[in-house]
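Numbering (our numbering) for the sequence shown: 3 to 303.
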Amino acid sequence: MHLFKDLTRLSAKMATGLGGVALSLAVSGQAMAQTVIDGLPVRGAPHPEGIALQPASTSLADEAHWIDHMVLIIIGIITAFVCALLLWVILRYNRRVNQTPARFTHNSPLEVAWTILPIFILIFIGSFTVPALFRQQIMPQADVTIKITGYQWYWGYEYPDHGVEFSSYLLQPDELEAHGYDQSFNLLAVDEPMVVPVGRNVVIQVTGADVIHSWTIPAFSVKQDAVPGRLAQAWFNVEEPGIYFGQCSELCGQGHAYMPIEIRAVSEEDYIAWLQSHGATNLAAAPGYTEAATQLASASN
Ligand SMILES: [Cu+2]
3 MHLFKDLTRL SAKMATGLGG VALSLAVSGQ AMAQTVIDGL PVRGAPHPEG IALQPASTSL
63 ADEAHWIDHM VLIIIGIITA FVCALLLWVI LRYNRRVNQT PARFTHNSPL EVAWTILPIF
123 ILIFIGSFTV PALFRQQIMP QADVTIKITG YQWYWGYEYP DHGVEFSSYL LQPDELEAHG
183 YDQSFNLLAV DEPMVVPVGR NVVIQVTGAD VIHSWTIPAF SVKQDAVPGR LAQAWFNVEE
243 PGIYFGQCSE LCGQGHAYMP IEIRAVSEED YIAWLQSHGA TNLAAAPGYT EAATQLASAS
303 N
C-alpha cells in the first residue's frame with residue numbers, strides 16, 4: 003500500500019496549499035513526540051492540541067487518510083467557489099448598485115449543470131470510498147483471530163485458537179507509574195493490553211455483553227460497534243511495532259469514558275512469548291511459530 007502512502011503525502015501537500023487550517027490539519031498528525039514504553043514506541047495516541055488524524059498505521063488507515071485529504075481538497079474548492087459567488091452577488095447585485103433587477107426565474111443550462119456536476123463529484127468520491135469500504139469489510143485470511151466483548155465498563159479479549167482469555171481494565175491515575183506510564187496516559191492505559199504480531203492479518207470478532215459499545219483504534223482506522231447478540235467482524239494488519247490506544251466510541255453509560263483500548267503490536271517471537279506467558283495452548287497455530295521454534299532450536303545447538 004505504498005501507493006496510498008505516497009498519495010496521502012501528495013494530497014497532504016496539496017491540502018497545505020488551501021490555507022492555514024488545512025496546513026495545521028495535515029501536519030499536526032505527524033507532530034507527536036514519541037514516547038517509548040517497555041521498548042515499544044507509542045505510535046497511536048491523542049496528544050495535546052492535536053486536531054487531525056493520528057498517524058496511519060495500517061493500509062486501511064493509509065487509504066482512509068488519503069480519502070480524507072482528497073475530500074478536504076474538494077470541500078475547500080467548493081467552499082471557496084460558493085464564497086466567491088456570494089461575494090459577487092452581494093457586491094454586484096445589491097439594491098444600490100443594481101436598481102432595476104432582472105425578473106427571469108429560470109436558466110435551464112445552469113440548472114442542468116448544477117444538478118449534473120454534483121452527481122459527477124459524488125461518483126468521483128464514491129469511486130474511492132466504495133472500494134475502500136469493501137476492503138475494510140471483506141475479511142482476509144486470518145493469521146490471528148481475537149474475540150472482543152464490550153462490557154459495562156471494560157473490554158474482554160479471547161484468543162480462541164489458544165484458549166487465552168482476559169479482561170482489560172482502565173489503570174487508575176495512581177497505578178500508571180507502576181505500569182510504566184506517565185500521567186498523560188490517564189484514561190488510555192490499561193492493565194492488560196491486547197497483543198498482536200506485526201505484519202499479520204488480525205481478524206477481530208466484536209460483540210457486546212450488555213449495551214452497545216464500539217471498539218475503536220484511530221491509528222488503524224478501525225471502528226466496530228459491539229452490539230449484544232451480534233458478532234461483527236473487522237480486520238487490520240499493523241505495519242510497525244508499537245503501542246496504539248483507542249477508546250470506546252459508543253455512549254454506553256456512566257463508565258463510557260473509562261474503558262479504553264490498548265494494543266501492543268510486537269514481533270512474532272514476542273507475540274509467541276506473550277501467548278506462552280498467558281498459558282496458551284496450541285502454540286503451533288501462532289503465526290511465525292515454526293520460524294521461532296527453528297531459531298530457538300538452532301540457537302540452542
Ligand atoms: Cu462502552
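All residues carry an ideal CB built from backbone N, CA and C; glycine is no exception.
Under the DSSP assignment, Trp68 falls in the alpha helix (DSSP H) whose first and last residues are Ser61 to Arg94. As summarised for the stretch 199-235, the continuous beta strand (DSSP E) elements at least 3 residues long and confined to that stretch are 204-210, 215-219 and 224-228, given in chain order. By the C-beta density criterion, Ala267 is buried, having at least 16 other C-beta atoms within 10 angstroms.
Closer than 6 Å to some heavy atom of ligand 1: that does not describe the Cβ of Gly248. In the structure shown, Arg266 adopts extended strand secondary structure according to DSSP, grouped into three states.
Boundaries around Thr117 are those of the alpha helix (DSSP H), Ser110 to Gln139, since no beta strand (DSSP E) includes it.
Only buried fits Ala58, as 16 or more other CB atoms lie within 10 angstroms of its CB. When DSSP assignments are scanned along the stretch 131-195, the uninterrupted stretches of beta strand (DSSP E) that are 3 or more residues long and fall wholly within it turn out to be 146-153, 156-161 and 166-170. Inter-segment contact for the stretch 226-243 and the stretch 199-213 is present: three or more beta-carbon pairs are separated by less than 8 Å.
According to the DSSP secondary-structure assignment, Ile39 is paired through a beta bridge with Leu42.
Distance between Gly257 and Thr283, taken at the CA atoms: about 34 Å. Nearest Cα to Ser251 within the set Val224, Phe238, Pro230 and Asn239: Val224.
For ligand 1, a non-hydrogen atom lies closer than 6 Å to the CB of Gly152. Spatial neighbours of Ala211 in its own chain (CB-CB distance under 6 Å, excluding positions within 5 residues in sequence) are listed in chain order as Thr151 and Tyr153. Taking 7 Å as the cut-off, the Cβ atoms of Thr218 and Gly248 count as close. Placement of the Cβ of Cys85 at a distance of 6 Å or more from every heavy atom of ligand 1 is found. Of the other Cβ atoms in all chains shown, 16 or more fall within 10 Å of the Cβ of Asn239; this residue is therefore buried.
Residue environment for His164: buried (at least 16 other C-beta atoms within 10 angstroms of its C-beta). For Met141, the shortest C-beta to heavy atom distance toward ligand 1 is 6 Å or greater. When the Cα atoms are used, Leu253 and Ala228 turn out to be separated by approximately 11 Å. Beta-bridge annotation (DSSP): Gly244 is paired with Ala267. Taking a contact to require three or more Cβ pairs closer than 8 Å, the stretch 111-119 and the stretch 173-182 do not qualify as touching. Distance from the CA of Gly46 to the CA of Arg232, rounded to the nearest whole angstrom, comes to 28 Å. Burial check for Glu113: the Cβ neighbour count within 10 Å stays below 16, so the residue is exposed.
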